[in-house]
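Asker: Protein chains in written order, with the numbering used here: chain A, 9 to 604; chain B, 9 to 604.
There are 2 protein chains.
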Amino acid sequence: MASDNPLIRDRFVDFLLHDVLDVTSLTRCPHFAEHERETFDLYVAACRRLARSRLFPTYRAMDEAPPRLESGRVIVHAEVKRLFRELVDLGALNATRPTSVGGQQLPMTVAALAHAYLMAGNLSAYGYVGLTTGAAHLIEAFGSDALRSTFMTPMYEGRWSGTMALTEPQAGSSLADVTSSATPTSEGHHLIRGSKIFISGGDHDATENVVHLVLARIDGAPRGTKGISLFAVPRLRLDAGGALVPNDVHVSGVIHKIGWRGLPSVALSLGESNDCHGWLVGPPHQGLRCMFQMMNEARIMVGLNAASTASVAYLESLAYAKERTQGRSITEKDASRPPVALVAHADVRRMLLRQKAIVEGALCVLGAVSRYADLSEHSTDADERARSQKLLDLLTPIAKTFPAEKGFEANTLALQIHGGYGYSSEYLPEAWLRDQKLNSIHEGTTGIQGLDLLGRKVVAGGGNTLALFADEVLADLAEAEGVSGVDVASIATTREALHRLVALTATLAQRGVAGDVEGMMGHSADYLEAFSIVVVAWQWARMWAAAARREEDAFVRGIVRAARYWIATEVPRVLQLAALCEGADRSYLDAREDEL
Amino acid sequence: MASDNPLIRDRFVDFLLHDVLDVTSLTRCPHFAEHERETFDLYVAACRRLARSRLFPTYRAMDEAPPRLESGRVIVHAEVKRLFRELVDLGALNATRPTSVGGQQLPMTVAALAHAYLMAGNLSAYGYVGLTTGAAHLIEAFGSDALRSTFMTPMYEGRWSGTMALTEPQAGSSLADVTSSATPTSEGHHLIRGSKIFISGGDHDATENVVHLVLARIDGAPRGTKGISLFAVPRLRLDAGGALVPNDVHVSGVIHKIGWRGLPSVALSLGESNDCHGWLVGPPHQGLRCMFQMMNEARIMVGLNAASTASVAYLESLAYAKERTQGRSITEKDASRPPVALVAHADVRRMLLRQKAIVEGALCVLGAVSRYADLSEHSTDADERARSQKLLDLLTPIAKTFPAEKGFEANTLALQIHGGYGYSSEYLPEAWLRDQKLNSIHEGTTGIQGLDLLGRKVVAGGGNTLALFADEVLADLAEAEGVSGVDVASIATTREALHRLVALTATLAQRGVAGDVEGMMGHSADYLEAFSIVVVAWQWARMWAAAARREEDAFVRGIVRAARYWIATEVPRVLQLAALCEGADRSYLDAREDEL
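(1) Tell me the rounded alpha-carbon separation between F477/B and L402/B.
(2) Does the beta-carbon distance from G311/A to L446/A come in below 9 angstroms?
(3) Considering only C-alpha positions, which residue in the set D283/A, N419/A and T333/A is nearest to P346/A?
(4) Under three-state DSSP, which class holds W574/B?
(5) Please classify F40/A: is it buried, with 16 or more other beta-carbons within 10 angstroms of its beta-carbon, or exposed?
(6) For chain A, check one thing: does any of its Cβ atoms lie closer than 9 angstroms to the Cβ of E511/B?
(7) Can A562/B and D602/A be called in contact, C-beta distance under 9 angstroms?
(8) Just verifying my parser: in three-state terms, what is the DSSP assignment at S273/B?
(9) Alpha helix (DSSP H) containing E385/B: first to last residue?
(10) Could you spell out where the alpha helix (DSSP H) holding G235/B opens and where it closes?
(11) From the DSSP output, which residues share a beta bridge with E78/A?
(12) Measuring straight from C-alpha to C-alpha, what distance separates I425/A and G235/B?
(13) Please give me, in chain order, every unbroken run of the beta strand (DSSP E) with length at least 3 that falls completely inside the region 384-410 of chain A.
(14) Looking only at C-alpha atoms, which of V289/A, A533/A, A275/A and L374/A sits nearest to L29/A?
(15) To the nearest angstrom, how far is it from the Cα of M9/A to the Cα of M70/A?
(16) Determine, for D18/A, whether the minimum Cβ-Cβ distance to residues of chain B falls below 9 angstroms.
(17) Do S344/B and L271/B count as a contact pair if the criterion is CB distance below 9 angstroms?
(18) Just to confirm, are Y125/B and I16/B a CB contact at a threshold of 9 angstroms?
(19) Taking only three categories from DSSP, how would you classify T47/A?
(20) Would you say Y596/B lies against chain A (beta-carbon separation less than 9 angstroms)?
(21) Can you give me the Cβ contacts of A229/A inside the same chain, cut-off strictly under 8 angstroms, excluding the 5 residues immediately before and after it?
(22) Nearest-angstrom Cα distance between I406/A and K465/B?
(23) Mind pulling the chain B residues with CB within less than 8 angstroms of M302/A?
(24) With a threshold of 9 angstroms between beta carbons, is K364/A in contact with chain B?
(25) In three-state DSSP terms, what is G170/A?
(26) Can you tell me whether A599/A is buried or exposed, with buried defined as 16 or more other CB within 10 angstroms of its CB?
(27) At the 9 angstroms Cβ level, is I266/A part of the contact set with chain B, yes or no?
(28) If you measure beta-carbon to beta-carbon, which residues of the region 447-465 of chain A are closer than 8 angstroms to chain B?
(29) Just how far apart, CA to CA, sit H264/B and L183/B?
(30) What runs of the alpha helix (DSSP H), each 4 residues or longer, lie entirely inside the region 494-561 of chain B?
(31) Below 8 angstroms on C-beta distance, what does L252/B contact in chain A?
(32) Kindly list the residues whose CB is nearer than 8 angstroms to the CB of L98/B, restricted to its own chain and excluding five residues on each side of it in sequence; keep chain order.
(33) Looking at the structure shown, is A214/B part of a helix, part of a strand, or coil, going by DSSP?
(34) Would you report the Cα separation of D283/B and H212/B, rounded to the nearest angstrom?
(35) Return no unless some Cβ of chain B is closer than 9 angstroms to the Cβ of Q112/A.
(36) In three-state DSSP terms, what is H197/B?
Written out as structure tokens, the structure reads:
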């Protein structure tokens, strides 16, 4: 094992933040005006340090000793409590939150790339932080002052942790079928009853309390998604004297996850004794709308987790390929010559460059999306806020799914490069491969992201959002092809693919207008993939341009290689995927279940 | 868990054996003349029964209790001993071997598809059998009468088991770097010294003895692959009095594999006390040539394992998708309507049809390749024997790699369909996903298969082999398009892809002739993928034709759907992969290691 794995390449992150994303320009927004490049870099450096010195060294131990259920409580690895405290002290819980709630008011762009190190080092340990931030932020945004002081403050202070409790055993991804109930009382709280499953961090002994953000239906609420409300439901509630007492929240099981094994996934039973108090967050029946704030943040975090998990494995396999010797060049016939390093074999370089293109492409997408998030909230220009919000919404399913799906492929290649050793738990790539698989499932499966992108973001957006996107891409491509050293033909290929995507979208939207919703949506997974290829190519074009402006060295040449590789290898697939979406194949649309 | 998983669909296997492969026609070969359809079907039925009644029910228990090392011996799950005996009684060890050595003289085509059930049920349990057959067959083919009676007979009788011991820690896939040594003695045996790693079944307590087929260099042998000899090295050897005594073979470690956890993978130390006796099998320095018999058989067995592992997961996810309800149709707005089964969602049907196309396409390739193996050995027509041998050799890397690589994708989809449950070890798909990953690594990695296909099988074959292949495909396509119900446009698409593959091959071969070996071989992984797509499309065209001749029912419609899907979805990728091979991208060929 290469224990000096850097997790993510520093030079790349600095290049991304400053050369590509020009993050310092965000300080023009009053919200970020107290910051400067130096404070950004300081936070990134602090995260790097903690990730390398503390998180990564505990990763394997947490993977090997997963949470266990004892007398109704979940016991997690003893390091979790210490690591959580160190992450709190780092400021990770509220890095992006305003100083008014104790935060550092950092741009999400900076926090995302800084936190990527924490995830790459130990994604389970970071998971407690990410969930707590999301839960606290929901109460910050939608809760009353009383709820904020009761629940948000102890979470942002790291005394309590948080979860999101959406999924129910019978409903799975279908939130319309949530049946947990909330009965109003005269004392301000509701009585909650129901079962939740797959609740990450749903119980543990690392903080004194856990606050669940629960979706439930107030008695008499409408059916479907418009009758769901959001509640804060703590494991322990404060009694009249200010002491923490049990709140009738029970662990009914621990899921034996195949990865993320430092973070429990729990089945919860709420209100078995009809004494589970929940406090309404936001307006009644609008819980899903509120929850979407957390879900959208969580989706981007899933993408970051995925890119980070692919990154650490990529760098591990790169180190292995440089250090492990095996075989000879295909043109070398002399068996007396010493063997060469794995990296000397073209097919190993293929697997490494493919990982690089996926990992760095994904990180750039996440950086770009985070920048839209920052501008959507904090730009002083209302047009820019609106435009950024639309682009953020549009790109969220891609920022979640591309790293999850292609990151899994990258993780598979990292294992493959390790050969038979990669297939053993003496080496780390198999663990990262297991971790990665969750990312195509949680916070909305890949299938759901495809429906969201095409149905909700693109078509329901009415064409305007896509036009906005196309303008943004075309402007960046035009700029890139003006930079000396950028291959104009590669840019042209990317531009053609974008045009093809736009034309495809028009065709599909017309089907929807004509009432053929199934014909429009049937290939939404292929549509998502085609869209993702274009988005990543766009980001590679931006990186190519930024690199070409720098003095040439190995790093710059590496960026150019990966950009060229992605555009040559993946972008032509857009044409083929578009043909499928337009109806080259209706096999599975028409298939009856007895034919499968 | 759907415990009534059929492992592989019986109707499909019957269709494959009789409608597509016309296996009964093999009885025209004198070697198979004692057989008839009924005896073939009886063996398949017996394998099905044992797989379902005994192998599959023990699968999970063996996965959960992997082998352990105790006082220098490997202890395996207690069921292994019983299962091995039942597999021996079934005749699995020597089903294809001649009656003269106690076998059933069945065609490999029949045995392959019958044994696929055993692999799908419990691939580790079957692994002991497959390795023993391979080792015994090596001695049958290359050993003296004395070696046959000493080693082959107890292996075919199931009293002893066998292994192949090629890999060494420092050499990995590079057999030219094998350093284990063999010193001649005056007593007929050699003294063996060396270290071997990743030896499947390399030690266990399920049989009284284990015979390793070991590659080693006789003192003074030439360097490289032409100085390697093959030896039978038992764990226990017979002393003068006929008693079994230790042979200085030691277990130096057990690999903690992530799958195939019922079958130990062992590091062996041979001759620590300079008392490890090995008996030369075949001529000196020609061990690799002999071993290739076992390796080629093993590669096809890996393909079968992969197809089988994908099959059982496919059928599990199909059952789950039919039984689990979740959400509603995208056109259903009424949340009061009951949820529908997962299979009603287009994207779930996509994942199922893709699995079906991969699984059944892979099984058909393996059936076709096995048929070439039967004809290459037993046809009375010398031309047919030679042609079949060439096609077998050509297609072996594809029969190994396509099921391994695309089977892994299929297994991933099976997990994905199970959602959060699929990510837990309470359900089986995650275990099959772990099992599957080995198949792209052992018996020659995917990278090595690509080099073998393009460099050795196609180019070194001098064009003749590829022409043979093209003739075979074109004849089958011509026949298929003459069958009413087969889509002529799909056949034309397949034919064009074949022509593109042939033209690509000519271009690459010319590069080789011109001395640009790296330019020829640089995209061998893409070449292998393009070739595989064509091969699988060819088999789907054959299945389409066979199905179209049958009365239409759901099974027939399912075959047609999958054939149409594969050709529409995958075959267009051949054009794009060919462009890459021809030089659309040289990024990783030119990349220096500091750019990766």
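Cβ atoms here follow ideal geometry from the backbone N, Cα and C, with glycine treated the same way. Computed from a predicted model, the values in this text were never measured in an experiment.
Answerer: For this structure:
(1) For the purposes of this step, residue 477/B is taken as the residue at position 469 of the second sequence. For the purposes of this step, residue 402/B is taken as the residue at position 394 of the second sequence. Cα to Cα, the separation comes out at about 8 angstroms.
(2) As a first step, residue 311/A is located in the first sequence; it is residue number 303 there, counting from the start. As a first step, residue 446/A is located in the first sequence; it is residue number 438 there, counting from the start. Going by C-beta atoms, G311/A is not nearer than 9 angstroms to L446/A.
(3) Position 338 of the first sequence holds residue 346/A. Ranking the options by Cα distance to P346/A, first place goes to T333/A.
(4) Locating residue 574/B in the second sequence gives position 566, where the first residue counts as 1. Helix, per DSSP.
(5) The residue you call residue 40/A lines up with position 32 of the first sequence. F40/A is buried by the Cβ-count criterion.
(6) Taking the first residue of the second sequence as position 1, residue 511/B is located at position 503. For the sequence presented, residue 511/B should be read as Ala rather than Glu. No, because no Cβ of chain A sits closer than 9 angstroms to the Cβ of A511/B.
(7) Residue mapping note: residue 562/B aligns to position 554 of the second sequence, counting from 1. Residue mapping note: residue 602/A aligns to position 594 of the first sequence, counting from 1. In this structure, D602/A lies closer than 9 angstroms to A562/B by Cβ.
(8) Numbered from its first residue, the second sequence carries residue 273/B at position 265. If DSSP states are grouped into helix, strand and coil, S273/B belongs with the strands.
(9) Residue mapping note: residue 385/B aligns to position 377 of the second sequence, counting from 1. Element bounds for E385/B: A354 to H386.
(10) Taking the second sequence and counting its residues from 1, one reaches residue 235/B at position 227. That residue, G235/B, is in no alpha helix (DSSP H); it is neither H nor E in DSSP.
(11) As a working mapping, residue 78/A is identified with position 70 in the first sequence. According to DSSP, E78/A bridges with R81/A.
(12) Taking the first residue of the first sequence as position 1, residue 425/A is located at position 417. Taking the first residue of the second sequence as position 1, residue 235/B is located at position 227. One C-alpha to the other measures close to 28 angstroms.
(13) none
(14) If you number the first sequence from 1, residue 29/A lands on position 21. Comparing Cα positions, the closest option is L374/A.
(15) What you label residue 9/A is simply residue 1 of the first sequence in a count that begins at 1. What you label residue 70/A is simply residue 62 of the first sequence in a count that begins at 1. For M9/A, the predicted structure reports a pLDDT of 43, less than 50, and the residue's modelled location is therefore unreliable. The matter cannot be settled from this model.
(16) Residue numbering aside, residue 18/A sits at position 10 when the first sequence is read from its first letter. Output row for D18/A: interface = no.
(17) If you number the second sequence from 1, residue 271/B lands on position 263. If you number the second sequence from 1, residue 344/B lands on position 336. No, Cβ-Cβ distance for L271/B and S344/B is not below 9 angstroms.
(18) The residue given as residue 125/B occupies position 117 in the second sequence. The residue given as residue 16/B occupies position 8 in the second sequence. Going by C-beta atoms, Y125/B is nearer than 9 angstroms to I16/B.
(19) Counted from its first residue, the first sequence places residue 47/A at position 39. Helix, per DSSP.
(20) The sequence position of residue 596/B within the second sequence is 588, counting from 1. Closer than 9 angstroms: yes.
(21) In the first sequence, the residue the question calls residue 229/A occupies position 221. If we look at A229/A and ignore the five residues flanking it on each side, its Cβ neighbours are G235, I236, S237, P292 and H293.
(22) The residue labelled residue 406/A in the question sits at position 398 within the first sequence. The residue labelled residue 465/B in the question sits at position 457 within the second sequence. Their Cα atoms are separated by approximately 41 angstroms.
(23) What you label residue 302/A is simply residue 294 of the first sequence in a count that begins at 1. Within 8 angstroms Cβ-Cβ: nothing; M302/A doesn't reach chain B, min ~18 angstroms.
(24) Against the first sequence, residue 364/A aligns to sequence position 356. Chain B, which has a Cβ nearer than 9 angstroms to the Cβ of K364/A, makes this yes.
(25) Mapped onto the first sequence, residue 170/A falls at position 162. If DSSP states are grouped into helix, strand and coil, G170/A belongs with the strands.
(26) Residue mapping note: residue 599/A aligns to position 591 of the first sequence, counting from 1. Buried, by the Cβ-count rule.
(27) Within the first sequence, residue 266/A is the residue found at index 258, counting from 1. By this cut-off, I266/A is an interface position.
(28) S448, I449, H450, T453, T454, G455, G458, L459 and G463
(29) Looking up residue 264/B in the second sequence gives position 256. Looking up residue 183/B in the second sequence gives position 175. If I take the Cα positions, the gap works out to 23 angstroms.
(30) 496-521, 525-529 and 532-556
(31) Residue numbering aside, residue 252/B sits at position 244 when the second sequence is read from its first letter. Those within 8 angstroms of L252/B in chain A number zero; the least Cβ separation is about 30 angstroms.
(32) Here residue 98/B is taken as the residue at index 90 of the second sequence, counted from 1. Around L98/B: A54, C55 and L58.
(33) Residue numbering aside, residue 214/B sits at position 206 when the second sequence is read from its first letter. Coil.
(34) As a working note, residue 283/B is residue 275 in the second sequence. As a working note, residue 212/B is residue 204 in the second sequence. If I take the Cα positions, the gap works out to 21 angstroms.
(35) Taking the first residue of the first sequence as 1, we reach residue 112/A at position 104. Not closer than 9 angstroms to any Cβ of chain B, the Cβ of Q112/A fails to qualify, so no.
(36) Position 189 of the second sequence, counting from 1, holds the residue named residue 197/B. H197/B falls in the coil class under three-state DSSP.
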